Amino acid sequence: MAEAAPITPKNGEYIGASSVLIVAWFVRSRRSSRSRVYLQVARRSVARDRRTQSDLHVTHGAKLVAHCQIWPTGLPEYSGAGHVMSDERSTRWKVAAVAACRISPFVIGCELEPPTNRVSRLIPSRLTLGSPIGCFSNLLGTVYRKGDLHFTPDGSSVISPVGNRITIFDLKNNKSMTLPVESRFNYITIDVSPNGNILVAINTDGETHIISLISKVILHKYRFKGHPKRVKFSPDGKHFAVCKGGGVFIFNAPGLQTGDYNPFIMEHAFHGATAETTCVSWSFDSKLLAVGSKDTTVKIYSLQKWANFRWITLGGHSDVIVACFFEAKQYDVYTISKNGRVCVWECTLEPDDLVEWEPPSKKEKPKDSDSEDDIDIEKVIEKTEKQKAYAEKKLLDSDDLPQNDKEEVSMKEKDKKIKMLGYKKQATFYLADEVHKQSKDAKLTTAAYHQDTHILVVGFSNGSFFLYEMPHANLIHSLSISRQRISSIALNSTGDWIAIGCSHAGQLLVWEWQSETYAMKQQGHRTNMNCLAYSPDGQYIITGGDDGKVKLWNTLTGFCTLTFHEHISSISSVLFSHNRKFVASASLDGTVRAYDLVRYRNFRTLTSPRPVQFSCLSIDASDEFIAAGGQDFFDVYLWSMKLGTLLEILSGHEGPIASLVFNPNPASTELVSASWDKTLKIWNAIENGSAHETVRLNADALCVTYKPNGEEVAVATLDGQIIFFECKTARQTGFIEGRTDLGAGRSKTDLVTAKKNLQSKCDFNQYTISYVLRIGDLKSKKNVSKLSTIKIDDESDFSIEEIDID
Numbered sequence: 001m002a003e004a005a006p007i008t009p010k011n012g013e014y015i016g017a018s019s020v021l022i023v024a025w026f027v028r029s030r031r032s033s034r035s036r037v038y039l040q041v042a043r044r045s046v047a048r049d050r051r052t053q054s055d056l057h058v059t060h061g062a063k064l065v066a067h068c069q070i071w072p073t074g075l076p077e078y079s080g081a082g083h084v085m086s087d088e089r090s091t092r093w094k095v096a097a098v099a100a101c102r103i104s105p106f107v108i109g110c111e112l113e114p115p116t117n118r119v120s121r122l123i124p125s126r127l128t129l130g131s132p133i134g135c136f137s138n139l140l141g142t143v144y145r146k147g148d149l150h151f152t153p154d155g156s157s158v159i160s161p162v163g164n165r166i167t168i169f170d171l172k173n174n175k176s177m178t179l180p181v182e183s184r185f186n187y188i189t190i191d192v193s194p195n196g197n198i199l200v201a202i203n204t205d206g207e208t209h210i211i212s213l214i215s216k217v218i219l220h221k222y223r224f225k226g227h228p229k230r231v232k233f234s235p236d237g238k239h240f241a242v243c244k245g246g247g248v249f250i251f252n253a254p255g256l257q258t259g260d261y262n263p264f265i266m267e268h269a270f271h272g273a274t275a276e277t278t279c280v281s282w283s284f285d286s287k288l289l290a291v292g293s294k295d296t297t298v299k300i301y302s303l304q305k306w307a308n309f310r311w312i313t314l315g316g317h318s319d320v321i322v323a324c325f326f327e328a329k330q331y332d333v334y335t336i337s338k339n340g341r342v343c344v345w346e347c348t349l350e351p352d353d354l355v356e357w358e359p360p361s362k363k364e365k366p367k368d369s370d371s372e373d374d375i376d377i378e379k380v381i382e383k384t385e386k387q388k389a390y391a392e393k394k395l396l397d398s399d400d401l402p403q404n405d406k407e408e409v410s411m412k413e414k415d416k417k418i419k420m421l422g423y424k425k426q427a428t429f430y431l432a433d434e435v436h437k438q439s440k441d442a443k444l445t446t447a448a449y450h451q452d453t454h455i456l457v458v459g460f461s462n463g464s465f466f467l468y469e470m471p472h473a474n475l476i477h478s479l480s481i482s483r484q485r486i487s488s489i490a491l492n493s494t495g496d497w498i499a500i501g502c503s504h505a506g507q508l509l510v511w512e513w514q515s516e517t518y519a520m521k522q523q524g525h526r527t528n529m530n531c532l533a534y535s536p537d538g539q540y541i542i543t544g545g546d547d548g549k550v551k552l553w554n555t556l557t558g559f560c561t562l563t564f565h566e567h568i569s570s571i572s573s574v575l576f577s578h579n580r581k582f583v584a585s586a587s588l589d590g591t592v593r594a595y596d597l598v599r600y601r602n603f604r605t606l607t608s609p610r611p612v613q614f615s616c617l618s619i620d621a622s623d624e625f626i627a628a629g630g631q632d633f634f635d636v637y638l639w640s641m642k643l644g645t646l647l648e649i650l651s652g653h654e655g656p657i658a659s660l661v662f663n664p665n666p667a668s669t670e671l672v673s674a675s676w677d678k679t680l681k682i683w684n685a686i687e688n689g690s691a692h693e694t695v696r697l698n699a700d701a702l703c704v705t706y707k708p709n710g711e712e713v714a715v716a717t718l719d720g721q722i723i724f725f726e727c728k729t730a731r732q733t734g735f736i737e738g739r740t741d742l743g744a745g746r747s748k749t750d751l752v753t754a755k756k757n758l759q760s761k762c763d764f765n766q767y768t769i770s771y772v773l774r775i776g777d778l779k780s781k782k783n784v785s786k787l788s789t790i791k792i793d794d795e796s797d798f799s800i801e802e803i804d805i806d
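UniProt numbering numbers the first residue of the sequence shown as 1 and each following residue consecutively.
Right, here's the structure in full:
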């Protein structure tokens, strides 16, 4: 292949206000003959109204390229981890390629002293780049999965565990943000420090992460030999408690409060429970700790020794303890069990009555002044027990008692005078009586308490929750939000908003109980998502899942803005119209539905003469015709969007229709369909009806797509090939053999088997604006050192390159 001529950016060339500079470095190490490629990213702020700027500046910091590919938007992908290699360790440090990207398409590129041809081809000399560096931005499709909900200290945001990630919903600005941290397993319990800087999250495997909410990175990791249930920060932010097994472990929290930045220093460990611990709560001054367990008791512990405190056990329950809370400015405790019983425990002491424990002073050693020979035998008279007792009593009353013995006697008398801390049951309430009128099997599942307003919120398994004013348990408000079990409840700092999470429904609500309105109401797909499509402007995403719901997501805010429930079976395909006025969905229930995005209604329901499970969907460039392929009956159905009538049934395939697409050229009426019968059919459906041309393939067809100019099609087959055909002549113009890179192997560091790795493969293909095709086998570990790319220029000339990253 002839090497492309380099393009050097001119001095002062206008790139854009938010441009990103990508520099690829080629480095050959002295210690080994292996060559490595690095990508370096630099930003440059440019005023939009200025046309002359200085040269591009490159900042320090590089990332090792494990594999580099061309995304569908034409953007180079970089992944892996590494450090910058300095000039001392490398003999060659040269720029291989430079590219800049901005929001709108912009063609730029240069090559300065390319060391080899393979590196110069790593990033083509001309690229149409459409977006900044491809990094994780947000998580859509689900809002809550399982675990504890928490408000930030300012009370304006909700932190929700979403599987193995954590999402923060900003209620004031109506935006969501998913932290760029990921766990191997789903998070089950989280808590935020009182200053809002640190987040502790624990997953189902017992791995604990300390996450900085400022830098959005994981600071420390720690693995428990078990499955912790709860984690809770102390009000002063110096400690956090972790409930695991039958004990609770107290760790020093790293940060400014403690002045200690060493991670996970255990200060105390309490093992008083006889069953698994379920909940934990701190007193307002962080001195006492209440721990509930499955043995129907609550233990009261203390971090430091007090002269008038011993471990206390609170009973009175006949079911598992769900939650326990301390009262504000007091040591009174509320204990709540699964059967809805609430016990109010009154402390016998005020917080100021706790007396610090002082260790007793050491006794002085008796001096051996008299030897054994100096003892006067005549004075040694054997005394009876009564005489001994009388002598000791007389000695205590006299002034001849030694000083150490006097101190010991005074300490004993002082202990008798100090009042010990204890608890007295003040009242018992049964909160499940109201719920049992609706559902007899309902159980209390979660609870939250606001100390300043004395509001207790309890949630039940039938989807209802109640607000009570403590300590008299006066009912304030009640509401039933769904029929699913409430998994978690949280109150914000002012007590106005209540966050409610339902894990089975994937639902997250924020209820303002005073005005009885929703501050936020979001729900993701209950089951897996099957398909999605971007809007033409990229602002919205439409998704379809196995639950039969079609959801519209805003990519800027991350919120679901619209949900359609008309389908009664799995959604197989969704698409946007080119004018973005409506969306369409195909389902296995035998219907194709069109939804108006202005009036939010289903305005078209398209069916076939006999029930068919539709597997794929496509719409023409004018948005007048829509076609769907069958899964159980191997036909293509064509409807008119304006009339809503079936125009044609295109028969000829002998297997399920895997994919179909209209020609993107507005002047063309071509339709291409790919099937599992190893054929690709090109239809001129609108003009000539069922007239078509058949192209035989070597394997089952999986996906087909048009070139943006409508002159060629690319079809992916089951044997790992991507074949290109001309539409007019049906002549094959090229192919890509991808089976060598599609194997699912297992590397040394993989924690999953090759069989499981094969199930998680992700393969797809798509043309880009600049006609650069990315061949995707993102999960393959067998041959990660080779990358196949194809470059198709405007004259339809193409070439295949295999790049060796190593």
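Glycine included, each C-beta is placed from N, C-alpha and C at the ideal position. As the structure is a prediction and not an experimental result, all values here were calculated from the model.
Asked                                                                                                                      : Found
Pick from V162, K437 and I571 that is closest to D589, judged by C-alpha positions                                         : I571
Between the CA atoms of P664 and D547 - distance to the nearest angstrom                                                   : 31 Å
Paired residues, beta bridge with H220 - DSSP                                                                              : I210
Which of helix, strand or coil DSSP assigns to R118                                                                        : Unreliable positioning characterises R118 in this predicted model, as indicated by a pLDDT of 31, which lies under 50. The coordinate reading is nonetheless provided below. Helix at R118.
Alpha-carbon spacing of F309 relative to K424, whole angstroms                                                             : 15 Å
C-alpha gap between M641 and W511, whole angstroms                                                                         : 41 Å
Short Cβ contact (8 Å threshold) for E346 with Q451                                                                        : no
Closest residue to V355 among L508, T335 and W306 (Cα-Cα distance)                                                         : W306
The stretch 211-218 contacting the stretch 246-261, beta-carbon criterion three pairs below 8 Å                            : no
Uninterrupted beta strand (DSSP E) stretches inside the stretch 596-659 (no shorter than 3 residues)                       : 601-607, 614-619, 625-630, 635-640 and 646-651
Inter-residue Cα distance where the pair is S668 and K707                                                                  : 13 Å
Own chain partners of Q522 with C-beta closer than 7 Å, once the 5 adjacent residues on each side are dropped              : V143, L508, F559 and C560
Cutoff 8 Å; reference M184; Cβ partners in own chain excluding five residues on either side                                : According to the sequence as given, residue 184 is Arg; it is not Met. Only N164, N203, D205, E207 and L751 meet the Cβ criterion.
C-alpha gap between V37 and A448, whole angstroms                                                                          : Bear in mind that a pLDDT of 40 at V37, under 50, signals an unreliable position, so the number given afterwards is only what the model happens to contain. Each residue's Cα considered, the two are about 53 Å apart.
Chain-order list of residues whose beta-carbon lies under 7 Å from that of S622 (same chain, five-residue window excluded) : P666
Nearest-angstrom Cα separation, counted from D596 out to N602                                                              : 6 Å
Span of the beta strand (DSSP E) around V291                                                                               : L288 to S293
Distance between beta carbons of A253 and F233, contact taken as under 8 Å                                                 : 7 Å
Integer Cβ distance of L431 from L444, believed to fall under 8 Å                                                          : 7 Å
A674 classed as buried or exposed, judged by whether at least 16 other C-beta atoms fall within 10 angstroms               : buried
Environment of D677 [buried if 16+ CB atoms lie within 10 Å]                                                               : buried
Where H525 sits in the DSSP three-state scheme                                                                             : coil
Which of helix, strand or coil DSSP assigns to H450                                                                        : strand
Segments of 3+ residues assigned as beta strand (DSSP E) that fall wholly inside the stretch 452-488                       : 455-460, 464-469 and 474-480
Pick from E469, N492 and F460 that is closest to I481, judged by C-alpha positions                                         : F460
Own chain, CB closer than 6 Å to W497, minus 5 neighbours either side, in chain order                                      : V510, E512 and A519
Between the CA atoms of I500 and T486 - distance to the nearest angstrom                                                   : In the sequence under discussion, the amino acid at residue 486 is Ile, which differs from the Thr named in the question. In a straight line, the C-alpha of I486 is about 7 Å away from that of I500.
Burial state of V695 (16 or more Cβ within 10 Å)                                                                           : buried
Interface flag, K225 vs chain D, CB-CB below 8 Å                                                                           : In summary, chain D is missing from the structure at hand, where a single protein chain is found.
Beta-bridge pairing of E358 - partner residues as DSSP gives them                                                          : Its beta-bridge partners do not exist; DSSP assigns none.
Among E624, V636, S137 and N197, the one whose alpha carbon lies nearest that of T607                                      : V636
Per-residue DSSP class, three states only, for A714                                                                        : strand
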